[in-house]
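Q: So that we are looking at the same thing, I have put the structure below in C-alpha cells.
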Amino acid sequence: MRQVVLVLGLLLAVLGCRAVEVKRPRGVSLSNRSFYEENKPFTCLDGSRTIPYDRVNDDYCDCADGTDEPGTAACSNGKFHCTNPGYKPMYIPSSRVNDGICDCCDTTDEYNSGAHCQNTCREMGRKEREELEKKAEMAREGMLLKQKFIEEARKGREEKQVRLQELAEKRQSVQTQVDALRAEKEAAEQPEKEAKDAHKKAWEERREAETAAMEKKRSQEVFTQLDQDGDGKLSASELLDHSELDSDGDGSLSDKEAQDLLGGSSTVDVSSFQESVWPQIKEKFKLESDTPPAPPIEEGTESHPEIPPEEDEEDDVEEGDEEDDDDDSDDYHRPPPSKSQVEDQEMPPYDETTQALIDAAEAARNQYEEAEKSLREIDDTMR
Numbered sequence: 001m002r003q004v005v006l007v008l009g010l011l012l013a014v015l016g017c018r019a020v021e022v023k024r025p026r027g028v029s030l031s032n033r034s035f036y037e038e039n040k041p042f043t044c045l046d047g048s049r050t051i052p053y054d055r056v057n058d059d060y061c062d063c064a065d066g067t068d069e070p071g072t073a074a075c076s077n078g079k080f081h082c083t084n085p086g087y088k089p090m091y092i093p094s095s096r097v098n099d100g101i102c103d104c105c106d107t108t109d110e111y112n113s114g115a116h117c118q119n120t121c122r123e124m125g126r127k128e129r130e131e132l133e134k135k136a137e138m139a140r141e142g143m144l145l146k147q148k149f150i151e152e153a154r155k156g157r158e159e160k161q162v163r164l165q166e167l168a169e170k171r172q173s174v175q176t177q178v179d180a181l182r183a184e185k186e187a188a189e190q191p192e193k194e195a196k197d198a199h200k201k202a203w204e205e206r207r208e209a210e211t212a213a214m215e216k217k218r219s220q221e222v223f224t225q226l227d228q229d230g231d232g233k234l235s236a237s238e239l240l241d242h243s244e245l246d247s248d249g250d251g252s253l254s255d256k257e258a259q260d261l262l263g264g265s266s267t268v269d270v271s272s273f274q275e276s277v278w279p280q281i282k283e284k285f286k287l288e289s290d291t292p293p294a295p296p297i298e299e300g301t302e303s304h305p306e307i308p309p310e311e312d313e314e315d316d317v318e319e320g321d322e323e324d325d326d327d328d329s330d331d332y333h334r335p336p337p338s339k340s341q342v343e344d345q346e347m348p349p350y351d352e353t354t355q356a357l358i359d360a361a362e363a364a365r366n367q368y369e370e371a372e373k374s375l376r377e378i379d380d381t382m383r
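Numbering (UniProt numbering), first residue to last: 1 to 383.
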C-alpha cells in the first residue's frame, strides 16, 4: 500500500512540475538530445550517413530513417516528439507536423501552419491527476478492504483451529465410550446368540420329530387301507386300484409297475413299506378320505336345498351331539398335516430367560449405535 502511494505521488509530482526548457532541435525528445549536438555533424540514427548539423530540420529528408527531420514533414517515416509540459509527452508521425490539425496539446506540432491551437496540457494534466488521485483512493480503500478480509480470515482460521481442537478432544472421549460400549454389546450378544440358537435347535428338533411322527402315522394309515385282506402284508395286486401311482403315464397301474413299487418283492410288511415303498408313493398317493364322494341326488328331487323344519331345542341338542360324533369321525379320516404344513409353523415365543438376554443385548446395541452416531457426526463436522 505504501509503495502504491509513493509511486502515484511521484507521478503526480512529475506531471505537476513545470517543464524545464532544454535547448534542442524541434521535435527531438530529451532522451535523444545527445545525438543532436549543435555545430557538430549529425549522424543518422540508423548510422547510414553523416550530414552537416545545419541540414537538420531544413525541410529536406537526408536520412533514410527520417531522423534528420524530426520537426518537419519532409520525411514520411519521421517522428515528431510533443513535449506537452504539464501532461504526458508523446510521439506523432512527422507527416502530421504543420498539417493544420492540433495533435500536441502544447501546440508545438503546428508552429508554422497558421492553425489556431490552444495549449490544453495543463487542463489535461489536471484531469489526469484527478483520475490518478481517484485510482490512488480506490487502491487505498481496496488495500484497507484487503487487510480487513485478511484479518477476518486469520480470525476465522484461529477460531476454526480452536473448534477443531475442542472437537478432537470430544472425539477422543466419544471414541473411548464407543469402544467400551462395543465390548459391552459383544459381551451381551454372545449369551443372546447361544440362547437363541438353543431355542431354535430345540424347536427344529421338535418339529422334525413331529414331522417324522406324522409321516409314520400317515404311512401306517395308508398301509392299513391298502392291506385289503388285513393280513399285515401288502401285495402288488392290492395296489392296482390306485392309478395315480402309474409311472409310465398310460393312466393305469400294471402288475409290473406295482411289483416295482414293492422293490421287486411279492409282498412287504408294514416296516418295509414305511422304509422303502412309502417314500416313493407319498406325493402321488390319495386316501379315499382325501376326496369325499359327492352326495347322491335322488330322482324327482330338485337341485335346490329344502328348508329344514323347525325343531325343538332338545332335537337341536341331540343333533349337535350327532354332529360332534360326525366331527370326530371326520377327524379320524382327515389326513394329517403334510410335512410342508409342519415346516411352515412359526417358531414359538422365547422363554423368559432367553427373552431377558435378548432385551439386554438389544439395549446394549442401542447404546452402542447412539455413541457411534455421535462419533460419525463429530467426524462429519471436522471434515
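Virtual Cβ for every residue (Gly too), placed ideally from N, Cα, C.
A quick note: this is a predicted structure, and the numbers were derived from the prediction, not measured.
Exposed or buried, what is Tyr-60 when buried is set at 16 or more other beta-carbons lying within 10 Å of its beta-carbon?
A: Exposed, since its Cβ has fewer than 16 Cβ neighbours within 10 Å.
Q: In angstroms with no decimal places, state the Cα-to-Cα distance between Pro-89 and Lys-160.
A: Approximately 55 Å between the Cα atoms of the pair.
Q: Three-state secondary structure (DSSP) at Cys-121?
A: In the structure shown, Cys-121 sits in a helix (DSSP, three-state: H, G or I).
Q: Please state whether the Cβ-Cβ distance between Met-382 and Leu-167 is less than 8 Å.
A: For Met-382 and Leu-167, yes; Cβs fall inside 8 Å.
Q: Could you say which of Ile-101, Asp-62, Ile-358 lies nearest to Lys-185 if we only look at CA atoms?
A: When only C-alpha atoms are compared, the closest one is Ile-358.
Q: Which one or two residues does DSSP pair with Leu-234 in a beta bridge?
A: According to DSSP, Leu-234 bridges with Val-268.
Q: When the Cα of Ala-371 is compared with those of Glu-192, Lys-170, Asp-231, which residue comes out closest?
A: With distances taken between Cα atoms, Ala-371 lies closest to Lys-170.
Q: With 16 as the cutoff for other CB atoms within 10 Å, does Ala-188 come out buried or exposed?
A: By the 10 Å Cβ count, Ala-188 comes out buried.
Q: Ordered along the chain, which non-local residues of its own chain (more than five positions away) have a Cβ less than 6 Å from that of Ala-195?
A: Taken in chain order, the residues that qualify are Thr-354, Leu-357.
Q: What's the call for Ala-209, buried or exposed, on a 16-neighbour Cβ count within 10 Å?
A: By the neighbour-count rule (16 or more Cβ atoms within 10 Å), Ala-209 is not buried but exposed.
Q: Tell me the rounded alpha-carbon separation between Leu-239 and Asp-231.
A: Going from the Cα of Leu-239 to the Cα of Asp-231 covers about 15 Å.
Q: Pull the bridge partners of Cys-82 from the DSSP assignment, please.
A: According to DSSP, Cys-82 bridges with Met-90.
Q: Buried or exposed for Leu-30, please, with buried defined as at least 16 other CB atoms from any protein chain shown within 10 angstroms of its CB.
A: By the 10 Å Cβ count, Leu-30 comes out exposed.
Q: Are there 16 or more other CB atoms within 10 angstroms of the CB of Asp-326, so buried, or fewer, so exposed?
A: Any answer about Asp-326 is weak, because its pLDDT of 47 lies below 50 and its placement is not dependable; what the coordinates show is given next. Classification of Asp-326: exposed, given that the 10 Å Cβ count is below 16.
Q: Report all residues from its chain with a CB closer than 7 Å to the CB of His-116; omit the five preceding and five following residues, and keep chain order.
A: Closer than 7 Å at the Cβ level, and outside the excluded window around His-116, lies no residue.
Q: In the structure shown, what three-state DSSP assignment does Phe-42 receive?
A: Strand.
Q: Measure the alpha-carbon distance for Gly-78 versus Gly-66 and round it to whole angstroms.
A: Whole-angstrom Cα-Cα distance: 4 Å.
Q: Specify the secondary structure class of Ile-150 as computed by DSSP and reduced to three states.
A: Reduced to three states, the DSSP call for Ile-150 is helix.
Q: What's the call for Gln-190, buried or exposed, on a 16-neighbour Cβ count within 10 Å?
A: Classification for Gln-190: exposed.
Q: Please confirm if the stretch 115-129 is in contact with the stretch 85-105, defined as three or more CB-CB distances below 8 Å between the two stretches.
A: Counting Cβ pairs under 8 Å, three or more are found: they touch.
Q: Taking 8 Å as the cut-off, decide whether the C-beta atoms of Thr-108 and Thr-72 are in contact.
A: Contact: no.
Q: Out of Gln-165, Glu-346, Glu-377, Lys-146, point me to the one whose CA is closest to Lys-200's CA.
A: Per the Cα distances, Glu-346.
Q: So Leu-375 packs on Val-178, CB below 8 Å; how close in whole Å?
A: Going by Cβ atoms, the distance from Leu-375 to Val-178 rounds to 6 Å, so yes, they are a contact pair.
Q: Helix, strand or coil: how does DSSP classify Thr-50 here?
A: It is a strand residue.
Q: Looking at Ser-48 and Pro-70, is the spacing between their C-beta atoms short of 8 Å?
A: Not a contact, by the Cβ cut-off of 8 Å.
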